[in-house]
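K.L.:
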Amino acid sequence: MRAFQRLSGLIFLALLLSLSGCATTGVTTQAEIPARHSISEFNDQRFAEVSDPWEATNRSMYRFNFYFDKYLFLPVVGGYEYITPTFLQERISGFYSNLGELQNFSNSLFQLKGLEALSTLGRFVTNSTVGIGGLFDPATSFGLERRNQDFGKTLGYWGADSGPYLVLPVFGPSSMRDASGLVVDSAITYGVYSAIDPFGSSDYSFEIGAGITTLGFVDTRHHQSFRYFESGNPFEYYLVRFFYHEKREIESGKRSTKE
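Here the sequence shown stands for residues -25 to -1, 1 to 234, numbered as in mature numbering (1 follows the signal peptide of the UniProt record, and there is no 0).
#1: Would you tell me roughly how many angstroms separate the C-alpha atoms of Lys88 and Gly118, rounded to the nearest one?
#2: From Ile107, Asn123, Ser68 and Gly69, pick the residue whose C-alpha is nearest to that of Thr95; which is it?
#3: Distance check for Gly131 and Gly175, CA to CA, integer angstroms please.
#4: Spell out the partners DSSP gives Pro148 in its beta bridges.
#5: Measuring alpha carbon to alpha carbon, tell me which residue in Thr115, Asp44 and Ala31 is nearest Tyr203.
#6: Decide if Pro144 is buried, meaning its Cβ has at least 16 other Cβ atoms within 10 Å, or exposed.
#7: Where does Lys88 sit, in a helix, a strand or coil, going by DSSP?
#8: So what's residue 239 in DSSP terms, helix, strand or just coil?
#9: Going by other Cβ atoms of all chains shown within 10 Å of its Cβ, with 16 needed for buried, is Ile183 buried or exposed?
#10: Just curious, the alpha helix (DSSP H) that His198 is in, first and last residue?
#11: Following the continuous alpha helix (DSSP H) through Pro173, name the residue where it begins and the one where it ends.
#12: So, for Lys128: in the same chain, excluding its five sequence neighbours on each side, which residues have a beta-carbon less than 6 Å away from its beta-carbon?
#13: Is Ser81 closer than 8 Å to Ile171 when the C-beta atoms are compared?
#14: Can you tell me whether DSSP reads Ser72 as helix, strand or coil?
#15: Check residue 240 in the structure and name its three-state DSSP category.
#16: Can you check whether the CB of Val193 is closer than 8 Å to the CB of Val51?
#17: Measuring only the C-alpha atoms, how far is Tyr57 from Leu157?
#18: Using only the alpha-carbon positions, how far apart do Phe62 and Gly147 sit?
#19: Could you give the distance in angstroms between the alpha-carbon of Glu224 and the alpha-carbon of Ser137?
#20: Let me confirm a value: Glu24 is counted as buried when at least 16 other C-beta atoms fall within 10 Å, else exposed. Which label applies?
#21: May I ask which residues mark the beginning and end of the alpha helix (DSSP H) holding Phe39?
#22: Using the rule of at least 16 other Cβ atoms within 10 Å of the residue's Cβ for burial, across every protein chain shown, is Glu120 buried or exposed?
#23: So Tyr37 and Val105 are supposed to be a Cβ contact under 8 Å. How far apart are they, rounded?
#24: If I measure Cβ to Cβ from Tyr55 and keep anything under 6 Å in the same chain, skipping five residues before and after, which residues do I get?
#25: Please list, in chain order, all residues of the same chain as Ala154 whose beta carbon is under 7 Å from its beta carbon, the five residues on each side excluded.
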């Protein structure tokens, strides 16, 4: 299910954006870079280095995500937070986090990180049994730390460049490498789910599966503090693009945190 949780990287972006400008009280798409400015004025700055040949399309998608977030996604998330007790929210998050260990495990194997894969498998088994399907997280108290992995990181680990920057619908900032990784992770998740087919005996297996997936999206967005066009910075698009790119390069091991 972590294939549907790429939006989690926006937590990091939100923190950095909040430091770059005070949040505005009114949400507006006018927070974009003023027409009198051009990115060419900042060629000596690192945030101008990210390859973005489809910038016009990416900006349109960025605006679409803003409207989708404001008028559909965030109201649903707000309703979920309002009617669901905090204790239950935490149990739901634990359940999806535990499912995500399957993705972490497979990508640790793809990267030939045997000890990490064993640790992740231990987390999954422990939290699935003692933790009652991941509703609780005893594995962490046992010293089995979570290692977040995805196929985009795996591609980067083996030397694949990030490729051009992309803004995906709903998922947000990405790249050609990470978008490809998302497809692979989603296929693996779907394959595992289909093989297990936990609701195959039910007449409503499709509806149940769709509900679980939808709740997973809601739970993911519930954890993100990022809000489009609320940074108060006129260069928000470029900053989000840069910070996402840098974060992913560090996570995939292609760039050191000391650079």
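Idealized CB from N, CA, C, for every residue including glycine.
P.N.:
In brief:
#1: Roughly 18 Å between the two C-alpha positions.
#2: Checked all of Ile107, Asn123, Ser68 and Gly69; the closest Cα to Thr95 is Asn123.
#3: In this model, Gly175 and Gly131 are separated by some 37 Å (Cα to Cα).
#4: Within the DSSP bridge table, the entry for Pro148 names Val142 as partners.
#5: Distance from the Cα of Tyr203 is smallest, within the candidate group Thr115, Asp44 and Ala31, for Asp44.
#6: Exposed, because fewer than 16 other Cβ atoms sit within 10 Å of the Cβ of Pro144.
#7: Here DSSP, grouped into helix, strand and coil, assigns Lys88 to coil.
#8: Nothing in the structure corresponds to residue 239, since the chain is present only between -25 and 234.
#9: Ile183 comes out exposed.
#10: Neither: His198 is in no alpha helix (DSSP H) and is coded neither H nor E.
#11: First-last for Pro173: undefined, no H or E at that position.
#12: So the list reads Glu226 and Ser227, once near-sequence residues are dropped.
#13: Not a contact, by the Cβ cut-off of 8 Å.
#14: Note: Ser72 maps to helix in three-state DSSP.
#15: Nothing in the structure corresponds to residue 240, since the chain is present only between -25 and 234.
#16: At the C-beta level, Val51 and Val193 come within 8 Å of one another.
#17: Roughly 31 Å between the two C-alpha positions.
#18: The straight-line gap from Cα to Cα measures roughly 29 Å.
#19: Note on geometry: alpha-carbon atoms of Glu224 and Ser137 lie some 8 Å from one another.
#20: Glu24 is classed as exposed because its beta carbon has fewer than 16 other beta carbons within 10 Å across all chains shown.
#21: Residues Glu30 to Phe43.
#22: Glu120 should be labelled exposed.
#23: Tyr37 to Val105, Cβ: 43 Å. No contact.
#24: Answer for Tyr55: Val193, listed in chain order.
#25: Only Leu141 and Leu143 meet the Cβ criterion.
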